[in-house]
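Undergrad: One structure coming up, written as structure tokens, with questions to follow.
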DNA sequence: CACGGAGATTGACAGCTGTCAATATTGACG
DNA sequence: CGTCAATATTGACAGCTGTCAATCTCCGTG
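Residue numbers (our numbering), protein chains in the order written: chain A, 1 to 120; chain Y, 121 to 240.
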């Protein structure tokens, strides 16, 4: 593979390639692909959003419910959901006027194995 | 400025208390304790630093070696190491003039189990 | 003791990020 | 159609963050 400055990997794929942190030194390239994913997670509101969605009975949650769980404006919640979605941590599903989000199990598993060294 | 934090939990302990993200909705309190830990990790340079230390043969690495691995100024590396240390992800050990850092296995394991849902 | 080198701290600055108000877009339904 | 409700987008702004140059602290050694 040649170096490509415009590679369009989903962030989830950015992780799949890497051995755990403690296994061998992370390359600069890998680090720069992984950091945005962690950055997406590194916010209290987004952590709660992801947890709310992931722990929801049906495995998915409607934005309308999520908005009510915070004392933040609707655009702010929408912004956080967008960040999580673009990182590949949340999957979006629009049904009619409502939008449902689902947590990406593979993304979370990938992150965890990167950090702990557990094989996926 | 102020060392105002009233709670004196290490960030590692901040995690130990929580069930995995997908198990039940994270409380605001828990989210605000965990986010700083992820924030410490969510930087390409710090990811590489942690990986360098964690994957080092003896389990620890001297700052002098770490400095050489980046094209960044010494104060910048020192700053990143401080962030990782204050988050509880790196342990500091000063021996004479040299300082050695060691990765905290429990912090990493805690984070991973929080994310993936694996029991600690 | 004085000097030199390892690492930390300080101060400054540009760029990023979380938040809101205002507005746009989209689909259901009369 | 026209209206209404659910999300998304835009623009603005304050606060945080990564970086460097300069300086400081500490310790070993001549």
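Just so you know, even glycine gets a beta-carbon here, dropped at the ideal spot from N, CA and C.
Keep in mind that this is a model prediction, so the values were computed, not measured.
Check residue 217 of chain Y in the structure and name its three-state DSSP category.
TA: Three-state DSSP puts residue 217 of chain Y in coil, outside helix and strand.
Undergrad: Is residue 126 of chain Y close to chain A? Criterion is C-beta to C-beta, closer than 8 Å.
TA: Residue placement at residue 126 of chain Y is flagged as unreliable, the pLDDT there being 37, under the threshold of 50; the coordinate-derived value follows with that caveat. No, because no Cβ of chain A sits closer than 8 Å to the Cβ of residue 126 of chain Y.
Undergrad: Suppose the cutoff is 7 Å on Cβ atoms and the five residues either side in sequence are ignored; what does the same chain contact list for residue 169 of chain Y look like?
TA: 186, 200, 201, 204
Undergrad: What number of angstroms, rounded off, separates the C-alpha of residue 231 of chain Y from the C-alpha of residue 115 of chain A?
TA: 8 Å
Undergrad: Ordered along the chain, which non-local residues of its own chain (more than five positions away) have a Cβ less than 7 Å from that of residue 92 of chain A?
TA: Excluding the 5 residues flanking it on each side, residue 92 of chain A has same chain C-beta neighbours closer than 7 Å at 85, 99, 101, in chain order.
Undergrad: Just to check my reading of the structure: residue 47 of chain A and residue 41 of chain A have Cβ atoms closer than 8 Å, yes? What is that Cβ distance to the nearest angstrom?
TA: 7 Å
Undergrad: Are there three or more Cβ pairs, one per stretch, closer than 8 Å when the segment 186–197 of chain Y is compared with the segment 138–150 of chain Y?
TA: no
Undergrad: Under 8 Å between C-beta atoms, does residue 22 of chain A make it to chain Y?
TA: yes
Undergrad: Among A/44, A/55, A/59, which residue has its Cα nearest to the Cα of residue 151 of chain Y?
TA: A/44
Undergrad: Enumerate, from N- to C-terminal direction, the unbroken beta strand (DSSP E) stretches of 3 or more residues contained entirely within the segment 18–70 of chain A.
TA: 60–62
Undergrad: Can you say whether residue 224 of chain Y is buried or exposed, counting buried as having 16 or more other CB atoms within 10 angstroms of its CB?
TA: buried
Undergrad: Residues in the segment 207–219 of chain Y with C-beta within 7 Å of chain A's C-beta atoms, listed in sequence order?
TA: none
Undergrad: For a contact meaning CB atoms closer than 7 Å, what does residue 154 of chain Y contact in chain A?
TA: 47
Undergrad: Looking at chain Y, is there any beta carbon in it that lies within less than 8 Å of the beta carbon of residue 127 of chain A?
TA: As displayed, chain A neither begins before 1 nor continues past 120, which places residue 127 of chain A out of reach and without an answer.
Undergrad: If you draw a straight line from the C-alpha of residue 58 of chain A to the C-alpha of residue 194 of chain Y, how long is it?
TA: 50 Å
Undergrad: Please list the partners that residue 172 of chain Y has in chain A, where partner means a Cβ-to-Cβ separation under 9 Å.
TA: 25, 26
Undergrad: Residue 173 of chain Y: which of A/113, A/26, A/108 sits nearest, CA to CA?
TA: A/26
Undergrad: Mapping DSSP to helix, strand and coil, what is residue 229 of chain Y?
TA: helix
Undergrad: Please list, in chain order, all residues of the same chain as residue 8 of chain A whose beta carbon is under 7 Å from its beta carbon, the five residues on each side excluded.
TA: Note that residue 8 of chain A scores a pLDDT of 46, beneath 50, so its modelled location is shaky and nothing firm can be said.
Undergrad: Measure from the C-beta of residue 82 of chain A to each C-beta in chain Y and report whether the shortest distance is under 8 Å.
TA: no
Undergrad: Which bits of chain A does residue 158 of chain Y rub up against, with CB to CB less than 7 Å?
TA: 38, 41, 42
Undergrad: Could you check whether residue 113 of chain A and residue 142 of chain Y sit closer than 8 Å to each other, using their CB atoms as the reference points?
TA: no
Undergrad: Where does residue 81 of chain A fall in DSSP's three states?
TA: helix
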